[in-house]
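Everything on this sheet refers to the single structure shown next.
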Amino acid sequence: MQPASEEPRELSELSSGFLAHLAVSKGRARATLEGYRSDLIDFEGWLLGLESTIESTERSDIELYLADHLGRHDANSTRRALSAIRGLYGYLLSRGQLDDDPTVLVRAPKVPMRLPKALSEEVVNQLLESVSGSSPLDLRDRLMLEVLYGSGLRISELVGMSATATKFDDGLFQVTGKGSKQRIVPISNSALQFLSEYLLRGRSILVSKSKSGDSSMGMLFVNSKGGPLTRQGAWLALKARAAAIGIGADFSPHALRHSCATHMVDHGADLRVVQELLGHADLQTTQIYTKVSLTRMLAVHSEFHPRSQAHGLKGG
């Protein structure tokens, strides 16, 4: 097996054109583009070691590369690398720059299914109620928790909300998700209440602290200096709130999104509705939450049903 070569000094024109196409025509997120760029640099570096090129690569070469990649990374990373390579060859084929796509019959490595970690309803309520102060940051953090859990948002979708463009009409609002795709999601009455308080006594005070006027760039959630709150800043703020009640090790903002979906399924929500709420393109992605509920049901049944408990039945 060929070892990975040194990285090419710069990405080839073919790969650069593909990434530009994703950015301009497809509106892919910066994080996605950076991931694809890293994957394609690794792939091209490996091809250099094989004395091959993108145009001359065959299916067997790609399978050999993926086997090598899997030895250096986990299955998820290798699947993403294959996705980048497939996208590249599909793009070149569509433009007539290649006659064949060597990735068509290449299979991605299987990834063991990992059930998303969801907090119990009791723990979520405890977390929400623990942020009960009236300071601007208290109001901001409580609103973030309410929206993440109540509307099932990703943290990137949360910090991307606009203070002026986001309209909360009839208990609904529009959010921009992956690939700049927009969807309509509901907002809870509780979140609406904290939204009003945050706008009146939270955000305005934080924005006024900026020494250069309004530096919020119109974002709904701002930091302690009045600037736009970053994804990392939101993550750290909410992680600290969770740590304050002793659940820091099990908490991430994404756990609230998982909890939202799991609790809805637990209470009988239709999977199609949950799919639309979360913005999943494929229903199979949403179906994992039925497995979470079934796993919990089995655990509860094993612990509490008299015919499933560890102790034996007494003879009469």
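Following my numbering, the numbering of the sequence shown begins with 8 at its first residue and continues without gaps.
Backbone N, C-alpha and C fix where the C-beta goes; we use that ideal spot for every residue, glycine too.
In the DSSP assignment, find the alpha helix (DSSP H) that holds residue i and state where it starts and stops.
i, result
"F228", "Element bounds for F228: n/a, residue is neither H nor E."
"I69", "R66 to R79"
"R93", "A82 to S101"
"V131", "E128 to S137"
"G24", "E20 to V31"
"G184", "That residue, G184, is in no alpha helix (DSSP H); it is neither H nor E in DSSP."
"R44", "R37 to G56"
Helix, strand or coil for residue i? Go by DSSP, reduced to three states.
i, result
"L202", "helix"
"T110", "coil"
"P10", "With a pLDDT of 43 at P10, under the threshold of 50, the modelled position of this residue cannot be trusted; read the value that follows with caution. Of the three classes helix, strand and coil, the one that applies to P10 here is coil, per DSSP."
"S266", "helix"
"S142", "coil"
"S335", "Since the first residue shown for the chain is 8 and the last is 323, residue 335 is missing from the structure and cannot be characterised."
"D277", "coil"
"D148", "helix"
"I212", "helix"
"L285", "helix"
"L207", "helix"
"S158", "helix"
"D221", "coil"
"V104", "The sequence shown places Gln at residue 104, rather than the Val named in the question. Q104 falls in the coil class under three-state DSSP."
"K174", "coil"
"K246", "helix"
"A251", "helix"
"G240", "helix"
"A125", "coil"
"E153", "helix"
"H318", "The predicted model places H318 with a pLDDT of 45, which falls under 50 and marks its position as unreliable; any figure quoted below should be read in that light. In this structure, H318 counts as coil in the three-state DSSP scheme."
For residue i, list the residues DSSP reports as bridge partners.
i, result
"P116", "DSSP output for P116 lists no bridge partner at all."
"P193", "L179"
"P235", "V229"
"S169", "M226"
Would you check if the distance between the CB atom of residue i and the CB atom of residue j is smaller than 7 Å?
i, j, result
"G234", "S219", "no"
"R149", "F201", "yes"
"S158", "I194", "yes"
"A125", "H265", "yes"
"F180", "T173", "yes"
"S19", "E51", "yes"
"S163", "R87", "no"
"S59", "D68", "yes"
"L146", "E204", "yes"
"P109", "T85", "no"
"A249", "F258", "yes"
"A82", "L47", "no"
"E153", "H270", "no"
"L144", "P260", "no"
"V166", "L236", "yes"
"G240", "S169", "no"
"S137", "I254", "no"
Touching or not, the stretch 87-105 and the stretch 32-48, by the rule of three or more beta carbon pairs under 8 Å?
yes
Counting beta carbon pairs with one atom in the stretch 64-78 and one in the stretch 23-40, are three or more of them shorter than 8 Å?
No, because fewer than three Cβ pairs between the stretch 23-40 and the stretch 64-78 fall closer than 8 Å, the two stretches do not touch.
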